[in-house]
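**Student:** Mind looking over this structure? Questions follow.
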Amino acid sequence: MRSYQVTEFGKPLELKEYENPIPKGTEVLIRIIACGVCHSDIHLTDGFFDLGNGKRITLADRGTKLPFTPGHEITGEVLSIGEDVKDISIGDKGIVFPWIGCQECNACKENNETLCEAPKYLGARLNGGYSSHIIIPHERYLVSYGKIDPAQAAPYACSGLTSYSALKKIPKTKKDEFIVLIGAGGVGTNGILLLPHIHDAKIIVVDTDPVKRENARSNGAKHCLSPEEMHENLNDFNGKIAGVIDFVGNEKTANLALSIVKKGGTFVIVGLYGGSLSISLPLIPMRSINIKGSYVGELRELKELVELINSKNVGLIKVTKQDLNTANDAMKKLRNGDVDGRIVLEP
2 MRSYQVTEFG KPLELKEYEN PIPKGTEVLI RIIACGVCHS DIHLTDGFFD
52 LGNGKRITLA DRGTKLPFTP GHEITGEVLS IGEDVKDISI GDKGIVFPWI
102 GCQECNACKE NNETLCEAPK YLGARLNGGY SSHIIIPHER YLVSYGKIDP
152 AQAAPYACSG LTSYSALKKI PKTKKDEFIV LIGAGGVGTN GILLLPHIHD
202 AKIIVVDTDP VKRENARSNG AKHCLSPEEM HENLNDFNGK IAGVIDFVGN
252 EKTANLALSI VKKGGTFVIV GLYGGSLSIS LPLIPMRSIN IKGSYVGELR
302 ELKELVELIN SKNVGLIKVT KQDLNTANDA MKKLRNGDVD GRIVLEP
């Protein structure tokens with residue numbers, strides 16, 4: 002088994018080779034076909050998330066032990082199974098659901114594993130997909146991708162699922178309303194492509210990068226604006242912005258979202274760039290604003306999303322395939338903002 006691993010936070014990944022693990026009980030050994038490169042992988046390899054005001058959450062404090070293998074947007078094929086596996090067979094293929102909880106707490110028992118207080122996420126707490134093989138703890142975490150190409154399907158374990166779950170957190174919209182998507186990177190692009198299949202509202206995309214704005218327009222966004230243009234043209238949309246999804250998640254984007262969402266509207270924070278937010282508390286009840294956090298999505302939502310893609314004419318995010326041994330190069334491109342769509346690593 003070949004794996005590109007974090008051996009020291011903030012340093013390039015290192016190639017390590019191991020014997021293929023042997024699955025036991027309900028475990029399944031997956032031969033990885035493809036693994037998407039996600040922006041959260043950068044935070045995970047850096048070893049921290051910025052909370053603003055000089056505060057950080059470190060992965061070491063949250064139980065991540067080195068070395069570990071990042072990567073959580075995984076498709077693969079069943080190579081071998083534990084003795085208690087019943088419903089899948091060697092050769093079956095699918096998307097690996099990586100947002101695995103402890104499987105014992107109330108949240109997990111209610112199938113809300115992203116709310117688990119002691120998660121075992123693949124690519125964060127447990128070894129992930131920048132590898133040739135991976136062990137998953139139970140067969141239920143392999144979701145058939147149907148007719149989707151496996152490299153194309155990989156980003157839907159996170160990028161697509163994150164967008165889908167965030168969009169669902171905004172109440173049903175009308176045709177004369179708008180949803181603003183801040184950030185037109187990989188997750189934001191999936192939001193653009195999925196939104197017409199979930200909401201009736203028209204799409205406004207806000208991004209500082211003119212190239213990303215143009216890509217957003219070609220993917221179906223009605224209006225593509227810089228933050229300054231959004232403020233300048235706000236009167237055109239006043240009272241009609243039913244929801245804002247912040248796929249960036251820094252102080253500037255969050256403040257922008259709060260300033261443009263209509264009374265009674267919903268602001269969903271997804272991005273993890275970091276920082277803090279100062280809110281005038283009386284304005285929240287006076288404007289009846291709903292502020293929600295959205296962190297990826299649940300297993301049932303991944304199944305819904307795959308069914309949606311296979312049954313409807315859903316536009317799929319552009320993927321660029323690279324060999325697994327270019328993992329550090331792929332992360333460098335992503336860090337520099339030089340990725341159109343998603344890079345997918347293939348062992």
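Sequential numbering of the sequence shown, starting at 2, is according to the working numbering. Even glycine gets a Cβ: it sits at the ideal position worked out from N, Cα and C. Since the model is a prediction, treat every value here as computed from it, not as a measurement.
1) Spell out the partners DSSP gives D324 in its beta bridges.
2) Are A353 and A243 close, meaning C-beta to C-beta below 8 Å?
3) If you compare alpha carbons, which of K213, I310, E252, D51 is closest to L162?
4) What is the DSSP secondary structure of C106, reduced to helix, strand or coil?
5) Tell me which residue opens and which closes the alpha helix (DSSP H) that L306 is part of.
6) From which residue to which residue does the alpha helix (DSSP H) around N256 run?
7) Note down, in chain order, each residue of its chain lying with its Cβ closer than 8 Å to the Cβ of T209, except the 5 sequence neighbours on either side.
8) How would you label E74, buried or exposed, when you count the other beta carbons within 10 angstroms and need 16 or more for buried?
9) Could you tell me which of A108, E84, V245 sits nearest to G184, measuring between CA atoms?
10) Which residues in the same chain as A331 place their Cβ atom closer than 6 Å to its Cβ, once the five residues preceding and following it in sequence are excluded?
11) Between the Cα of D339 and those of G186, G72, G240, spot the shortest distance and give me the residue it belongs to.
12) Under the DSSP definition of a beta bridge, which residues are partnered with I292?
13) Return the Cβ separation of T65 and F49 in integer angstroms, given the expectation that the two are a contact with Cβ distance under 8 Å.
14) Can you tell me whether S312 is buried or exposed, with buried defined as 16 or more other CB within 10 angstroms of its CB?
15) Any idea if A222 is buried or exposed, counting beta-carbon neighbours within 10 angstroms, 16 or more meaning buried?
16) Beta-carbon separation of F98 and L303 under 8 Å?
17) What are the start and end residues of each continuous alpha helix (DSSP H) run of 4 or more residues lying completely inside the stretch 146-215, in chain order?
18) Following the continuous alpha helix (DSSP H) through F238, name the residue where it begins and the one where it ends.
19) DSSP three-state call for T65: helix, strand or coil?
20) Ends of the beta strand (DSSP E) at T76?
21) Buried or exposed: which applies to L67, given that a residue is buried once 16 or more other Cβ atoms fall within 10 Å of its Cβ?
22) Do D88 and E140 have their CB atoms nearer than 8 Å?
**Tutor:** So, to answer that:
1) E347
2) Summary: the structure shown does not reach residue 353, with the chain confined to residues 2 through 348, and so no result is reported for it.
3) I310
4) coil
5) 300-312
6) 252-261
7) S227, P228
8) buried
9) V245
10) V38, Q323, I344
11) G186
12) F268
13) That pair is no contact at about 11 Å.
14) exposed
15) buried
16) yes
17) 151-154, 160-169, 187-195
18) 235-238
19) coil
20) 74-82
21) exposed
22) yes
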